[in-house]
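Enquirer: What follows is a structure written as structure tokens; I'll ask about it next.
2 protein chains.
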Amino acid sequence: MAKAGSVFSTGRTSGKLASGELGVLRGIRARAGRANGRVRLGIGDDCALLRLKSGDELAVTTDLSIEGRHFRLDWHTPESVGHRTLARGLSDLAAMGAEPVAAFLSLGLPARLAGTRSGRADEGVESRSWLDRFLDGLLGLAEANGVTLAGGDLAESPVAVADIVLTGAVARGKALLRSGARVGDGIYVTGVLGAAAAELAALSAHPRRFARVRNSGSGEFAHLFPVPRVAQGLRLRRAGLATAAIDISDGLSTELEHLCDESGVAAEIEALRIPIGAGATLEQALHGGEDYELLFTAGAGVPRRIEGVAVTRIGQVVAARHGQAAVTLIAEGGREPLIARGWEHFR
Amino acid sequence: MAKAGSVFSTGRTSGKLASGELGVLRGIRARAGRANGRVRLGIGDDCALLRLKSGDELAVTTDLSIEGRHFRLDWHTPESVGHRTLARGLSDLAAMGAEPVAAFLSLGLPARLAGTRSGRADEGVESRSWLDRFLDGLLGLAEANGVTLAGGDLAESPVAVADIVLTGAVARGKALLRSGARVGDGIYVTGVLGAAAAELAALSAHPRRFARVRNSGSGEFAHLFPVPRVAQGLRLRRAGLATAAIDISDGLSTELEHLCDESGVAAEIEALRIPIGAGATLEQALHGGEDYELLFTAGAGVPRRIEGVAVTRIGQVVAARHGQAAVTLIAEGGREPLIARGWEHFR
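As they're listed, the protein sequences go chains A and B. Per my numbering, the very first residue in the first sequence carries number 14; after that it's consecutive. Per my numbering, the very first residue in the second sequence carries number 14; after that it's consecutive.
Shown next as structure tokens:
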């Protein structure tokens with residue numbers, strides 16, 4: 014973990030070191046994965062040290078999660094917040110076809126979440142801190158994906174914030190980019206869309222249900238415990254099938270527009286072909302965020318399943334035309350421009 | 014930049030994309046450094062891509078800065094906050110002897126700071142946003158150190174938070190670690206100590222003075238515009254002089270204890286030898302945070318200056334003894350245990 018210096022560092026009284034931040038850091042260090050072939054040095058020095066195989070590049074992504082914006086402390090269990098924090102970063106690696114190497118976590122927490130007891134006996138849960146349970150969620154998903162928690166930072170904060178950094182290995186020049194789509198390519202998505210938005214809508218109508226879902230990596234809970242498509246991204250990259258890829262964290266309409274912008278192309282998608290999650294609407298499938306499925310373009314030869322997950326062709330890449338929307342939706346009522354309506358801060 | 018998805022992504026109305034987050038991101042992207050030999054892909058995809066020279070390892074560090082904890086919006090200029098955010102990460106690279114490669118910035122900001130106008134005509138400053146001026150400070154220091162801003166994330170937040178990730182290259186197995194100090198080594202520091210704490214104390218007594226200090230990389234303002242010892246760390250590593258190193262972000266007493274803990278040794282330092290910054294007290298030099306000088310241990314042959322900065326021997330490494338303090342201060346009054354009193358969160 015890096016240092017937690019502050020401008021307010023003068024004139025404080027002494028205290029036992031083990032009882033504060035250092036104690037928390039020691040606890041995290043004890044739970045994090047050990048150094049291995051690629052993580053030469055993990056938590057405990059000024060920096061971690063990563064070593065790549067000759068011929069590999071390192072993919073790096075950061076994702077910031079903020080209480081009240083990305084999660085609610087009164088809704089989401091700590092396990093869900095931890096799982097979702099890591100899932101966001103893993104999904105970015107998946108979109109590049111990168112193999113996860115190491116994660117770094119910068120956490121800002123109110124003091125009551127860092128070491129005080131939050132579990133309640135009547136929940137049948139042992140009395141463990143919010144941070145401990147957050148780490149259960151994060152480290153459980155990390156282990157399932159072969160990721161070492163190799164460093165980070167810790168600070169006291171009036172609101173809970175978690176910035177996750179993911180690093181991954183990818184063969185030089187072979188990463189899946191947003192910019193490679195070509196006119197004539199098919200447009201594909203993994204899994205189903207709208208499931209996370211539908212689950213969130215259902216849960217938020219009865220917020221007590223949030224706490225009933227325990228840690229799960231089964232993919233059953235698309236909003237609370239999303240499964241990033243790491244294996245599918247790796248497979249796509251190694252098979253050389255995809256010409257461009259992006260993950261659908263901010264909704265299909267937004268991500269497809271990003272992909273078109275970066276590739277200098279346009280897209281037509283068909284409403285009837287979009288795989289809609291159980292209980293979700295077309296609206297949620299088009300614009301709902303946090304599905305963490307992969308959206309990619311490819312020529313011929315795309316299989317119907319990749320690493321156990323369904324793949325659906327939803328449209329095709331067409332030439333961009335000046336002054337026209339990047340994405341056109343073909344529905345029963347005809348053709349209409351599909352305006353990006355996924356999440357955007359500072360709108 | 015990575016995605017800024019949110020759980021609150023359903024049921025929003027549409028908006029012009031260029032006016033919100035995407036517009037802000039485009040502005041940052043336009044100002045960030047371009048891809049180069051080591052940064053193969055910068056802002057604009059799901060991940061950045063870094064390429065290392067054969068035989069190099071990648072050092073990675075993250076540092077979280079939070080409004081009200083690490084800076085105050087009513088005290089620090091945006092330029093100072095941006096400069097200090099990057100300086101914290103660069104100082105961690107310096108402590109490992111790593112050469113800076115790329116930075117990643119996750120920013121959570123209240124909407125008024127992201128795009129509204131904060132400059133006042135009576136300050137003689139053009140009307141630019143807080144974010145623009147923050148980037149002035151951050152990118153100015155980045156350019157001076159050859160660092161590309163290669164990615165990050167952006168979100169709306171009730172308080173300003175900035176998490177900086179720094180990556181650096183270091184020859185395999187050659188990084189300066191905290192764990193290499195040997196009994197008999199000398200203990201050295203670069204520059205002077207306590208200057209940042211003294212400057213902060215002087216400024217906070219008259220907070221209007223904060224705004225009078227304009228962007229400066231001269232090292233004149235140790236608290237507002239600290240100069241991380243990147244060149245000195247590189248030189249130390251390449252010369253093979255140091256057996257262990259750490260940066261003094263949290264105060265000498267705290268950092269020396271960390272170094273002793275990781276090396277399994279103890280330390281004796283002499284009060285009269287400690288280089289005290291102009292206007293600072295011994296107390297500030299021992300415990301004041303954010304000096305961002307390097308603390309290292311070495312055998313013989315340490316020069317008096319490294320890359321233009323003074324180096325002072327302040328003590329020596331001795332054997333650890335069970336039940337005794339790791340650090341002993343030798344002063345006029347005799348020997349006393351030096352208890353770590355640097356900054357620690359959650360104490």
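All residues carry an ideal CB built from backbone N, CA and C; glycine is no exception. Predicted model only: the values in this text are computed from it and were never measured.
Since residue 310 of chain A and residue 256 of chain A are thought to touch, with beta carbons under 8 Å apart, how far apart are those beta carbons, to the nearest angstrom?
Expert: Start at 1 with the first residue of the first sequence, and residue 310 of chain A comes out as number 297. Start at 1 with the first residue of the first sequence, and residue 256 of chain A comes out as number 243. Yes, residue 310 of chain A and residue 256 of chain A are in contact; Cβ-Cβ is about 5 Å, under 8 Å.
Enquirer: Using only CA atoms, which one of B:170, B:329 and B:37 lies nearest to residue 144 of chain B?
Expert: Within the second sequence, numbered from 1, the residue matching residue 144 of chain B stands at position 131. Checking every option, the nearest Cα to that of residue 144 of chain B belongs to B:37.
Enquirer: Taking residue 206 of chain A as the query, report the chain B residues whose CB atoms sit under 9 Å from its CB, ordered along the chain.
Expert: Here residue 206 of chain A corresponds to residue number 193 of the first sequence, with the count starting at 1. In chain order: nothing, as chain B lies at least about 13 Å away.
Enquirer: Please list the partners that residue 198 of chain B has in chain A, where partner means a Cβ-to-Cβ separation under 7 Å.
Expert: Working through the second sequence from its first residue, we reach residue 198 of chain B at position 185. Here the premise fails: no neighbours, minimum Cβ distance about 18 Å.
Enquirer: Just checking, does the region 168-187 of chain A make contact with the region 94-112 of chain A on the three C-beta pairs under 8 Å criterion?
Expert: In short, these stretches touch, since the Cβ pair count reaches three.
Enquirer: May I ask which residues mark the beginning and end of the alpha helix (DSSP H) holding residue 147 of chain B?
Expert: Start at 1 with the first residue of the second sequence, and residue 147 of chain B comes out as number 134. Per DSSP, residue 147 of chain B belongs to the alpha helix (DSSP H) from 143-157.
Enquirer: Can you tell which of A:285, A:276 and A:128 has its C-alpha closest to the C-alpha of residue 190 of chain A?
Expert: Translated into positions along the first sequence, residue 190 of chain A becomes position 177. Residue 190 of chain A has its Cα closest to that of A:276, out of A:285, A:276 and A:128.
Enquirer: Excluding the 5 residues flanking residue 79 of chain A on each side, which residues of the same chain have their C-beta closer than 7 Å to its C-beta?
Expert: Counted from its first residue, the first sequence places residue 79 of chain A at position 66. 172 and 174, listed in sequence order.
Enquirer: Counting along the chain, where does the beta strand (DSSP E) carrying residue 176 of chain A start and finish?
Expert: The residue you call residue 176 of chain A lines up with position 163 of the first sequence. Residues 174-184.
Enquirer: Buried or exposed: residue 58 of chain B, going by 16 or more other Cβ atoms within 10 Å of its Cβ?
Expert: Residue numbering aside, residue 58 of chain B sits at position 45 when the second sequence is read from its first letter. Buried, by the Cβ-count rule.
Enquirer: Assuming the contact rule is C-beta atoms closer than 8 Å, residue 10 of chain B and residue 72 of chain B should be a hit. Round their C-beta distance to whole Å, please.
Expert: No statement about residue 10 of chain B is possible, as the shown extent of chain B runs from 14 to 360 and does not include it.
Enquirer: Quick check on DSSP: helix, strand or coil for residue 325 of chain B?
Expert: For the purposes of this step, residue 325 of chain B is taken as the residue at position 312 of the second sequence. Note: residue 325 of chain B maps to strand in three-state DSSP.
Enquirer: Cβ closer than 7 Å: which chain B residues qualify as neighbours of residue 121 of chain A?
Expert: Position 108 of the first sequence, counted from the first residue, corresponds to residue 121 of chain A. Correct list: 77, 79 and 174.
Enquirer: Output yes or no for whether 7 Å exceeds the beta carbon distance between residue 51 of chain B and residue 64 of chain B.
Expert: Residue 51 of chain B sits at position 38 when you count from the first residue of the second sequence. Residue 64 of chain B sits at position 51 when you count from the first residue of the second sequence. Their beta carbons are under 7 Å apart, which means residue 51 of chain B touches residue 64 of chain B by this criterion.
Enquirer: Looking at chain A, which residues of the region 253-277 of chain B have a Cβ within less than 7 Å of any of its Cβ atoms?
Expert: Here the close residues are 259, 260, 262, 263, 264 and 275.
Enquirer: Across the region 292-303 of chain B and the region 163-170 of chain B, are there enough close Cβ pairs to call them in contact, namely three or more that are closer than 8 Å?
Expert: No: the two stretches stay apart, fewer than three of their Cβ pairs being nearer than 8 Å.
Enquirer: What residue range is occupied by the uninterrupted beta strand (DSSP E) comprising residue 256 of chain B?
Expert: If you number the second sequence from 1, residue 256 of chain B lands on position 243. Start and end: 255-260.
Enquirer: Here's the rule: buried if 16 or more other CB atoms are within 10 angstroms of the residue's CB, otherwise exposed. What is residue 67 of chain A?
Expert: One-based indexing of the first sequence puts residue 67 of chain A at position 54. Exposed.
Enquirer: Does the beta-carbon distance from residue 278 of chain B to residue 196 of chain B come in below 7 Å?
Expert: Working through the second sequence from its first residue, we reach residue 278 of chain B at position 265. Working through the second sequence from its first residue, we reach residue 196 of chain B at position 183. Cβ distance < 7 Å, so residue 278 of chain B and residue 196 of chain B count as in contact.
Enquirer: Is it right to say residue 285 of chain B is buried, meaning 16 or more other beta carbons lie within 10 angstroms of its own, or is it exposed?
Expert: Residue mapping note: residue 285 of chain B aligns to position 272 of the second sequence, counting from 1. Exposed, by the Cβ-count rule.
Enquirer: Grouping DSSP H, G and I as helix and E and B as strand, with all else coil, what is residue 351 of chain B?
Expert: As a working mapping, residue 351 of chain B is identified with position 338 in the second sequence. Residue state, collapsed to three classes: coil.
Enquirer: Contact check, residue 203 of chain A vs residue 45 of chain A under 8 Å by CB: the rounded distance?
Expert: Position 190 of the first sequence, counted from the start, is the residue given in the question as residue 203 of chain A. Position 32 of the first sequence, counted from the start, is the residue given in the question as residue 45 of chain A. Residue 203 of chain A to residue 45 of chain A, Cβ: 30 Å. No contact.
Enquirer: List the whole-angstrom C-beta distance separating residue 48 of chain B from residue 40 of chain B, where the pair is believed to meet the contact cut-off of C-beta under 8 Å.
Expert: Locating residue 48 of chain B in the second sequence gives position 35, where the first residue counts as 1. Locating residue 40 of chain B in the second sequence gives position 27, where the first residue counts as 1. Not a contact, Cβ separation roughly 18 Å.
Enquirer: Would DSSP call residue 199 of chain B helix, strand or coil?
Expert: Here residue 199 of chain B refers to the residue found at position 186 of the second sequence. In this structure, residue 199 of chain B counts as strand in the three-state DSSP scheme.
Enquirer: Counting along the chain, where does the alpha helix (DSSP H) carrying residue 36 of chain A start and finish?
Expert: Sequence index remark: in the first sequence, residue 36 of chain A carries index 23 (1-based). 34-44 is the span of the alpha helix (DSSP H), which, as asked, contains residue 36 of chain A.
Enquirer: Any beta carbon of chain B sitting closer than 7 Å to that of residue 250 of chain A?
Expert: The residue labelled residue 250 of chain A in the question sits at position 237 within the first sequence. Cβ-Cβ to chain B under 7 Å: no for residue 250 of chain A.
Enquirer: Between the Cα of residue 211 of chain A and those of A:159, A:198, A:42 and A:233, spot the shortest distance and give me the residue it belongs to.
Expert: Along the first sequence, one-based indexing puts residue 211 of chain A at 198. With distances taken between Cα atoms, residue 211 of chain A lies closest to A:233.
Enquirer: At least one CB of chain B closer than 7 Å to the CB of residue 74 of chain A: is that the case?
Expert: The sequence position of residue 74 of chain A within the first sequence is 61, counting from 1. Output row for residue 74 of chain A: interface = yes.
Enquirer: Could you check how far apart the C-beta atoms of residue 76 of chain B and residue 95 of chain B are, in whole angstroms? I think they sit under 8 Å.
Expert: Numbered from 1 along the second sequence, position 63 holds the residue referred to as residue 76 of chain B. Numbered from 1 along the second sequence, position 82 holds the residue referred to as residue 95 of chain B. About 13 Å separates the two Cβ atoms, so there is no contact after all.
Enquirer: Taking C-beta to C-beta, are residue 226 of chain A and residue 237 of chain A nearer than 7 Å?
Expert: Residue numbering aside, residue 226 of chain A sits at position 213 when the first sequence is read from its first letter. Residue numbering aside, residue 237 of chain A sits at position 224 when the first sequence is read from its first letter. Yes, they are a contact pair.
Enquirer: Under DSSP, the alpha helix (DSSP H) around residue 274 of chain B begins and ends at which residues?
Expert: Here residue 274 of chain B refers to the residue found at position 261 of the second sequence. Its alpha helix (DSSP H) spans residues 265-276.
Enquirer: Between residue 273 of chain A and residue 339 of chain A, which are expected to be in contact by the criterion C-beta below 8 Å, what is the C-beta distance as a whole number of angstroms?
Expert: In the first sequence, the residue the question calls residue 273 of chain A occupies position 260. In the first sequence, the residue the question calls residue 339 of chain A occupies position 326. At roughly 4 Å, the Cβ-Cβ gap stays under 8 Å, so residue 273 of chain A and residue 339 of chain A are in contact.
Enquirer: I'd like the span of the alpha helix (DSSP H) that includes residue 71 of chain B, first residue to last.
Expert: Along the second sequence, one-based indexing puts residue 71 of chain B at 58. Premise fails: residue 71 of chain B lies in the beta strand (DSSP E), 69-79, not in any alpha helix (DSSP H).
Enquirer: So, does the CB of residue 99 of chain B fall closer than 7 Å to a CB anywhere in chain A?
Expert: As a working note, residue 99 of chain B is residue 86 in the second sequence. Not one chain A Cβ lies under 7 Å of residue 99 of chain B.
Enquirer: Give the interface partners of residue 164 of chain A over in chain B, defined as CB-CB distance under 8 Å, in chain order.
Expert: Position 151 of the first sequence, counted from the start, is the residue given in the question as residue 164 of chain A. The answer, in chain order, is 73, 74 and 75.
Enquirer: Run down chain A in chain order and give the residues with a C-beta less than 8 Å from the C-beta of residue 111 of chain B.
Expert: Position 98 of the second sequence holds residue 111 of chain B. Going along chain A in sequence order, the residues near residue 111 of chain B (Cβ under 8 Å) are 60.
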